[in-house]
Each structure stands twice: as structure tokens, then as C-alpha cells.
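Q: Number 343 in our numbering belongs to position 73 of the sequence shown; there are no gaps in the numbering.
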Amino acid sequence: MRGHMMEVLQFLLMLASFTVPLALGWFIGGSVERSHIANLTARENVLRAAMVVTQTKQMLYPTENRGLPPTLLTAEVVIASDYLKTFLAGFRRFFGGEIRSYQRMLDRARREATLRLIEEAQRRGYNAVNNVRLQPCEIGGPAAMAVIIASGTAYHSGIMIRDEFGEGGKPGPAKQLDNPYEPLDLG
Numbered sequence: 271m272r273g274h275m276m277e278v279l280q281f282l283l284m285l286a287s288f289t290v291p292l293a294l295g296w297f298i299g300g301s302v303e304r305s306h307i308a309n310l311t312a313r314e315n316v317l318r319a320a321m322v323v324t325q326t327k328q329m330l331y332p333t334e335n336r337g338l339p340p341t342l343l344t345a346e347v348v349i350a351s352d353y354l355k356t357f358l359a360g361f362r363r364f365f366g367g368e369i370r371s372y373q374r375m376l377d378r379a380r381r382e383a384t385l386r387l388i389e390e391a392q393r394r395g396y397n398a399v400n401n402v403r404l405q406p407c408e409i410g411g412p413a414a415m416a417v418i419i420a421s422g423t424a425y426h427s428g429i430m431i432r433d434e435f436g437e438g439g440k441p442g443p444a445k446q447l448d449n450p451y452e453p454l455d456l457g
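1) Which full runs of the beta strand (DSSP E) of 3+ residues lie inside the region 290 to 320, going along the chain?
2) Applying the 10 Å Cβ sphere with the 16-neighbour rule, what's the burial state of residue 304?
3) What is the DSSP secondary structure of residue 351, counted as helix, strand or coil?
4) Identify whether residue 433 lies in helix, strand or coil by the three-state DSSP scheme.
5) Should residue 379 and residue 419 be called a contact, given that it needs their Cβ atoms to be closer than 8 Å?
6) With H, G and I counted as helix, E and B as strand and the rest as coil, what does DSSP make of residue 333?
7) Can you tell me where the beta strand (DSSP E) holding residue 425 begins and where it ends?
8) Is it right to say residue 355 is buried, meaning 16 or more other beta carbons lie within 10 angstroms of its own, or is it exposed?
9) Closest to residue 373 by CA distance: which of 313, 279, 416, 316 is it?
10) Can you tell me whether DSSP reads residue 394 as helix, strand or coil?
If you want it as C-alpha cells, here you go:
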């Protein structure tokens with residue numbers, strides 16, 4: 271009887287060592303991901319109204335500002351997968367199909383890298399970024415992570431920008447800033 275109880279206890283410990291990390295990945299990983307997505311959305315809404323960002327090679331209405339020339343900026347982001355995503359991705363690899371959790375992780379990395387690039391441009395006093403490029407990289411071998419390097423040219427643009435969001439998150443009316451070259455206070 272005592273040996274049987276030890277076997278049951280060993281089985282329960284083995285099961286717990288497997289399920290507890292999965293449960294932590296589900297609750298903590300999901301919470302972190304949701305809060306990161308909310309943070310990204312809030313930052314995007316603020317910056318959308320303050321910066322001109324394009325993927326084109328042509329600068330939109332470039333102007334001179336205090337002798338600051340256009341500057342190449344870069345931003346890097348690494349987002350690692352949690353235990354649950356890695357575990358479930360192993361099943362998906364075995365049976366085939368799209369690994370949606372990795373797609374969400376890659377999307378978050380792209381958005382974060384782009385925001386860091388734009389925020390750096392704004393911190394330096396620029397109001398536009400063009401030729402934005404996103405490059406995925408591998409740094410961890412088989413480790414599950416999303417690595418993105420964003421680059422773009424920061425410059426000063428004379429284009430009119432929208433300064434506020436109206437109802438429903440839609441941009442309000444455009445207006446010419448008194449001095450479009452001053453860094454905007456987003457705080």
C-alpha cells in the first residue's frame with residue numbers, strides 16, 4: 271500500500287512539474303502580452319498624430335531645422351517566447367500548420383521596433399521618418415524569439431500633421447504647427 275502511494279505521489283509531482291509551468295505561461299504570459307499590446311496601441315495613437323512616417327524613399331516636404339541634417343536611426347527589439355507558446359509550437363510543428371502565437375510575437379516585435387525608431391526620432395527633435403525598413407534576425411539559434419531591427423531616415427518635414435484624435439480614435443482636423451521643428455511634448 272505504501273509503495274502504491276509513493277508511485278501516485280511521484281506521478282503527481284511529475285505531472286505538476288509539467289503543468290505548473292504551462293499554467294504560469296498561460297496566465298502570466300497572456301497578461302504580459304495583453305498589457306504590451308495595450309501599451310503599443312496607446313503609444314501608436316499618440317505618435318500617429320505627431321509624426322510623419324513612411325516607407326517611401328522620397329522625403330515628404332523636407333525642410334532645414336537648426337542645421338540638423340537627415341539622420342539614419344535604428345532600433346532593435348528582442349521578444350522571447352514563453353514556456354506555453356514554445357510547448358504548443360512544438361505540437362504545431364509536429365502536426366503542421368501556422369504557429370499563430372509566434373505570429374503575434376513577431377507582430378509585437380515589429381510594432382515595438384517601429385515605435386522605438388519613431389520615439390528616438392522625436393527625442394532628437396525630428397518630426398518625420400521615411401524609408402522605414404524592418405529586418406528580422408536570428409540570434410538565438412533554435413530558441414523561440416522574435417528579433418527585429420528597424421531603420422529609417424529621420425528628417426524635418428514641413429507637412430501639416432494632425433494634432434488630436436477626435437471621436438472614435440479618428441484624426442481631428444489638420445493644422446500647421448507654429449514651429450513644426452520643436453519636439454512635441456507627449457507627456
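C-beta: ideal position from N, C-alpha, C; glycine also.
A: Result, derived from the coordinates:
1) Secondary structure in the region 290 to 320: no beta strand (DSSP E) run of 3 residues or longer lies completely within the stretch.
2) By the 10 Å Cβ count, residue 304 comes out exposed.
3) It is coil, neither helix nor strand.
4) Any reading at residue 433 must be qualified, since the residue scores a pLDDT of 48, below 50, and its modelled position is unreliable; the value itself is stated next. For residue 433, the secondary structure class from DSSP, reduced to helix, strand or coil, is coil.
5) If you check the CB distance, residue 379 and residue 419 do not come in under 8 Å.
6) Three-state DSSP puts residue 333 in coil, outside helix and strand.
7) Where residue 425 is concerned, the enclosing beta strand (DSSP E) stretches over 415 to 425.
8) Residue 355 should be labelled buried.
9) Closest option to residue 373, Cα to Cα, is 416.
10) Of the three classes helix, strand and coil, the one that applies to residue 394 here is coil, per DSSP.
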